[in-house]
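Going down the list, the protein sequences come from chains A and B.
Each residue of the first sequence is one higher than the one before, starting from 324 at the first, in the working numbering.
Each residue of the second sequence is one higher than the one before, starting from 159 at the first, in the working numbering.
Just so you know, even glycine gets a beta-carbon here, dropped at the ideal spot from N, CA and C.
On a predicted model such as this, the values are computed, not experimentally measured, just so you know.
Written out below as C-alpha cells is the structure these notes cover.
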Amino acid sequence: MYTIRIIPCLDVKEGKVVKGIHFKNLRYAGDPVELAKWYSDEGADEIVFLDITATIEKRQILLDVVKRTAQNVFVPLTVGGGVKSLDDIRDLLNSGADKVAINTAAVKNPDFVKQAAKMFGSQCIVVAIDAKLVHGSQFTVHSSRFTVHSSRSKVESKKWEVYINAGSTPTGLDAVFWARKVEKLGAGEILLTSIDADGTNQGYDVELTKAVVDAVNIPVIASGGAGKIEHFIEVVKKAKVSAVLAASVFHYKKYSIKKVKTAMNSAGIQVRV
Amino acid sequence: MIRKVGIINYGAGNLMSISKAIDVLGYQPLIINSSPIKNCDVLILPGVGNFGSAMKMLNSTGLDEEIKKFFSLGKPILGICLGIQLVFNSSEEAKDVKGLSLVSGKVVKFSTRGLPVPHICWNIVRFKNKNTALLAGLRDEEYFYFVHSYYPLVSEKNIVFATTCYGVKFCSMIVKNNLVATQFHLEKSGDKGLKLLSNIMKYFELL
Numbered sequence: 324m325y326t327i328r329i330i331p332c333l334d335v336k337e338g339k340v341v342k343g344i345h346f347k348n349l350r351y352a353g354d355p356v357e358l359a360k361w362y363s364d365e366g367a368d369e370i371v372f373l374d375i376t377a378t379i380e381k382r383q384i385l386l387d388v389v390k391r392t393a394q395n396v397f398v399p400l401t402v403g404g405g406v407k408s409l410d411d412i413r414d415l416l417n418s419g420a421d422k423v424a425i426n427t428a429a430v431k432n433p434d435f436v437k438q439a440a441k442m443f444g445s446q447c448i449v450v451a452i453d454a455k456l457v458h459g460s461q462f463t464v465h466s467s468r469f470t471v472h473s474s475r476s477k478v479e480s481k482k483w484e485v486y487i488n489a490g491s492t493p494t495g496l497d498a499v500f501w502a503r504k505v506e507k508l509g510a511g512e513i514l515l516t517s518i519d520a521d522g523t524n525q526g527y528d529v530e531l532t533k534a535v536v537d538a539v540n541i542p543v544i545a546s547g548g549a550g551k552i553e554h555f556i557e558v559v560k561k562a563k564v565s566a567v568l569a570a571s572v573f574h575y576k577k578y579s580i581k582k583v584k585t586a587m588n589s590a591g592i593q594v595r596v
Numbered sequence: 159m160i161r162k163v164g165i166i167n168y169g170a171g172n173l174m175s176i177s178k179a180i181d182v183l184g185y186q187p188l189i190i191n192s193s194p195i196k197n198c199d200v201l202i203l204p205g206v207g208n209f210g211s212a213m214k215m216l217n218s219t220g221l222d223e224e225i226k227k228f229f230s231l232g233k234p235i236l237g238i239c240l241g242i243q244l245v246f247n248s249s250e251e252a253k254d255v256k257g258l259s260l261v262s263g264k265v266v267k268f269s270t271r272g273l274p275v276p277h278i279c280w281n282i283v284r285f286k287n288k289n290t291a292l293l294a295g296l297r298d299e300e301y302f303y304f305v306h307s308y309y310p311l312v313s314e315k316n317i318v319f320a321t322t323c324y325g326v327k328f329c330s331m332i333v334k335n336n337l338v339a340t341q342f343h344l345e346k347s348g349d350k351g352l353k354l355l356s357n358i359m360k361y362f363e364l365l
C-alpha cells in the first residue's frame with residue numbers, strides 16, 4: 324500500500340502567500356494562516372511552507388508566521404526558506420514544523436545535510452532542489468568528484484542544472500547527480516521543483532522528475548507546473564513520484580484537493596480519501 | 159482524572175505538534191527535560207529523532223529509569239513513532255544502544271524492493287480488535303500518517319493492536335495495559351488522529 328500525497332504549497336513573502344511564474348512576477352494569493360487551516364481541513368496530506376525571500380534577504384525565516392500557521396494544522400507541515408544551521412532547524416521544529424526543507428545551504432555546505440540528518444533524523448530533512456533545463460551542448464557539470472562533458476557523449480541526453488538563492492543563481496551542479504548525493508548525505512526526501520515549469524500551469528516536468536526518481540530510493544515530491552487534473556495523474560503514472568505539490572491551482576480555487584483526489588482515485592492511483 | 163501530560167524532550171524532536179494536540183483535547187502539556195518526573199498523570203514519548211541519540215539523552219538524564227518506574231507503577235505511557243521504537247529492547251538504527259525494554263522485541267529497518275524508504279505517506283491501519291472503546295468513532299481501517307524507516311518486530315504477539323502493509327506487514331500499534339504506542343503520528347493525522355488520541359486518553363482515565 325502506498326498512497327500518493329497531495330501537497331498545497333504556500334510560497335510566503337513578507338508574511339503573505341504569493342505565487343509567481345518561473346519564480347518571478349509574484350502576486351498575492353492569500354494569508355498563510357487561513358490557507359493552511361483551510362487546506363488542513365480540506366484533506367491536504369501535508370502542507371509545505373516556503374519563505375521564498377529569506378535566503379536572498381539574508382535573514383532567518385519568519386518564525387512567528389510559521390508558529391501561527393502551524394497552530395491550525397493537524398497534518399504534516401514542511402517548512403523551508405533560509406535554513407542554514409542546526410539552530411535554524413531546531414527553531415523551526417519548535418515553531419511547529421514537522422520537516423525542514425534545505426536548499427541553498429545544502430549546496431553551499433553539503434556536510435550540513437549530514438549533520439542535520441544525524442541530529443534530527445533523516446525523516447525530518449527534506450532537500451529542496453530547484454532545477455532548470457540546460458540548453459545547448461557546452462554544458463559542463465561539476466562536482467567535487469565528478470565531471471561530465473555532455474557534448475562528448477554520443478547520445479545527447481537532457482541535463483538539468485541546480486539553481487540556488489530562490490532560483491536566481493546557477494550552480495553548475497547536475498540535478499540528478501545532486502539528488503543522488505543528498506540521498507547519501509542523509510536527506511529523507513527530495514522536493515524537486517522545475518523552474519521551467521513553475522507557474523506555467525502547463526504540467527510538471529515529467530522527464531526531469533522521472534530522471535530524479537529513478538536515481539534515488541527516497542521519496543520525491545514533484546513540484547512546478549500543475550494546471551490541470553491530468554497533470555497530477557501524468558506525473559504520478561509516468562515518473563512514479565511519492566507526492567505531488569501545487570500552489571496556484573489550489574490557491575485560486577481552480578480545483579479543490581478533494582476533486583484532484585477523486586480524479587486520481589478514478590485513474591487508479593491510491594490516495595487517502 | 160488525567161490533567162497533566164508530560165512530554166519527554168530528547169532534544170531533537172518537534173514537541174509543538176504533540177503539545178498542541180494535547181492542549182486541543184483539553185489536557186495540560188508539560189515538557190520534561192530532566193528527571194525526576196513530577197506531577198504527571200500520563201507520559202508521552204514523542205516522535206522525531208534518532209534511536210541512538212534519544213536513548214543516550216534518556217540515559218544521561220536518568221529519565222530512562224524514571225520512565226521504567228512510571229511504567230512499573232502502572233501509570234499510562236503513550237509512545238508515538240520513535241516513541242514506539244524506544245520501548246523495545248534494541249534497534250538496527252543504533253546497534254550498540256539498549257532500548258527501554260518495556261516490551262520485548264526489536265526494531266528493524268525496512269528492506270522493501272521498489273518502495274522508497276523512509277516510508278512517508280498516509281497508510282491504512284488495520285485494527286485487530288474491533289469492539290473496543292479505543293476505536294469509538296473510527297472504522298476498522300483508517301488512514302494515518304507515517305514517517306519512518308524502522309518498524310518493530312514484536313515478540314509478544316498478543317499486544318499487537320493494529321498492522322499496516324508497506325512491502326511487509328508490520329505492527330503499527332501496540333496496547334499492553336498501561337502502555338499504548340503507535341508507529342504513525344496521531345498528532346499529524348488530521349481529525350482521525352485526534353480522535354484516536356482522545357480515545358487513548360479516555361482509556362488511560364479508566365486504568
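Which term fits residue i, buried or exposed, when burial requires 16 or more other beta carbons within 10 angstroms of its beta carbon?
i, result
"Met587 of chain A", "buried"
"Ser262 of chain B", "exposed"
"His574 of chain A", "buried"
"Gly272 of chain B", "exposed"
"Val326 of chain B", "exposed"
"Phe230 of chain B", "Reading off the sequence, residue 230 of chain B comes out as Ser, not Phe. Its Cβ having fewer than 16 others within 10 Å, Ser230 of chain B is exposed."
"Tyr486 of chain A", "buried"
"Gly343 of chain A", "buried"
"Glu224 of chain B", "buried"
"Asn281 of chain B", "buried"
"Val596 of chain A", "exposed"
"Met331 of chain B", "buried"
"Glu250 of chain B", "exposed"
"Met159 of chain B", "exposed"
Which value, in whole angstroms, describes the spacing of the CA atoms of residue i and residue j?
i, j, result
"Met174 of chain B", "Ser480 of chain A", "46 Å"
"Glu380 of chain A", "Asn197 of chain B", "46 Å"
"Met442 of chain A", "Ile278 of chain B", "19 Å"
"Val558 of chain A", "Glu512 of chain A", "17 Å"
"Arg161 of chain B", "Ile176 of chain B", "15 Å"
"Ala420 of chain A", "Gly207 of chain B", "14 Å"
"Lys507 of chain A", "Gly232 of chain B", "43 Å"
"Val312 of chain B", "Gln341 of chain B", "12 Å"
"Ala377 of chain A", "Gln383 of chain A", "6 Å"
"Ile195 of chain B", "Ile165 of chain B", "10 Å"
"Asp334 of chain A", "Val594 of chain A", "24 Å"
"His345 of chain A", "Ser546 of chain A", "12 Å"
"Gly509 of chain A", "Asn289 of chain B", "42 Å"
"Gly591 of chain A", "Thr585 of chain A", "10 Å"
"Asn488 of chain A", "Phe246 of chain B", "44 Å"
"Lys360 of chain B", "Asn167 of chain B", "24 Å"
"Thr516 of chain A", "Tyr185 of chain B", "41 Å"
"Trp483 of chain A", "Ile518 of chain A", "10 Å"
"Ile544 of chain A", "Glu314 of chain B", "37 Å"
To which residues of the same chain is residue i closer than 8 Å at the C-beta, ignoring the five residues directly before and after it?
i, result
"Ile358 of chain B", "Leu236, Leu292, Val338 and Leu344"
"Asn432 of chain B", "Absent from the structure is residue 432 of chain B, since the part of chain B shown begins at 159 and ends at 365."
"Ile580 of chain A", "Ile329, Pro331, Tyr362, Glu365, Gly366, Ala367 and Phe573"
"Ser193 of chain B", "Thr219, Gly220, Leu221, Glu223 and Glu224"
"Val182 of chain B", "Leu352"
"Pro433 of chain A", "Lys504, Val505 and Leu508"
To the nearest whole angstrom, what separates the beta carbons of residue i and residue j, a pair I think is in contact under 8 Å?
i, j, result
"Phe268 of chain B", "Phe319 of chain B", "No, Phe268 of chain B and Phe319 of chain B are not in contact; Cβ-Cβ is about 20 Å, not under 8 Å."
"Ile327 of chain A", "Ser589 of chain A", "So it is not a contact: roughly 14 Å between Cβ atoms."
"Ser248 of chain B", "Val265 of chain B", "7 Å"
"Lys422 of chain A", "Val449 of chain A", "5 Å"
"Val255 of chain B", "Ile202 of chain B", "At roughly 21 Å, the Cβ-Cβ gap does not stay under 8 Å, so Val255 of chain B and Ile202 of chain B are not in contact."
"Val398 of chain A", "Gly348 of chain B", "6 Å"
"Leu385 of chain A", "Gly338 of chain A", "6 Å"
"Gln446 of chain A", "Lys178 of chain B", "Their Cβ separation, rounded to whole angstroms, is 20 Å, which puts Gln446 of chain A and Lys178 of chain B out of contact at 8 Å."
"Leu349 of chain A", "Asn172 of chain B", "Wrong, their Cβ atoms sit about 29 Å apart, outside the cutoff."
Between which residues of its own chain and residue i is the CB-CB distance below 6 Å, once the five residues before and five after are set aside?
i, result
"Tyr362 of chain A", "Pro331 and Ile370"
"Ala562 of chain A", "Val529, Thr532, Lys533 and Val536"
"Ala538 of chain A", "Val499, Ala502 and Arg503"
"Ser476 of chain A", "No answer about Ser476 of chain A holds up, because its pLDDT of 46 lies below 50 and its placement is not dependable."
In chain order, what residues of the same chain have a beta carbon less than 7 Å from the beta carbon of residue i, not counting five sequence neighbours either side?
i, result
"Leu354 of chain B", "Leu296 and Leu344"
"Val583 of chain A", "Ile329, Ile552 and Phe555"
"Gly522 of chain A", "Lys342, Gly343, Ile344, His345 and Ser571"
"Ile375 of chain A", "Asp334, Val335, Lys336, Gly404 and Ala489"
List, in chain order, every chain D residue whose beta-carbon is nearer than 8 Å to that of residue i.
i, result
"Ile541 of chain A", "Of the protein chains in the structure, A and B, none is chain D."
Three or more C-beta pairs below 8 Å linking the stretch 399 to 417 of chain A and the stretch 360 to 380 of chain A
yes
Assess, as a yes-or-no matter, whether the stretch 405 to 424 of chain A is touched by the stretch 341 to 357 of chain A under the definition of 3 or more beta carbon pairs within less than 8 Å.
no
Examine the Cβ distances between the stretch 198 to 218 of chain B and the stretch 448 to 456 of chain A and report whether three or more of them are shorter than 8 Å.
no
Does the stretch 295 to 302 of chain B come close enough to the stretch 173 to 191 of chain B that 3 or more CB-CB pairs lie under 8 Å?
no
Three CB pairs or more closer than 8 Å across the stretch 496 to 506 of chain A and the stretch 388 to 398 of chain A:
no
Using 8 Å as the Cβ pair cut-off and three pairs as the minimum, do the stretch 215 to 224 of chain B and the stretch 299 to 311 of chain B touch?
no
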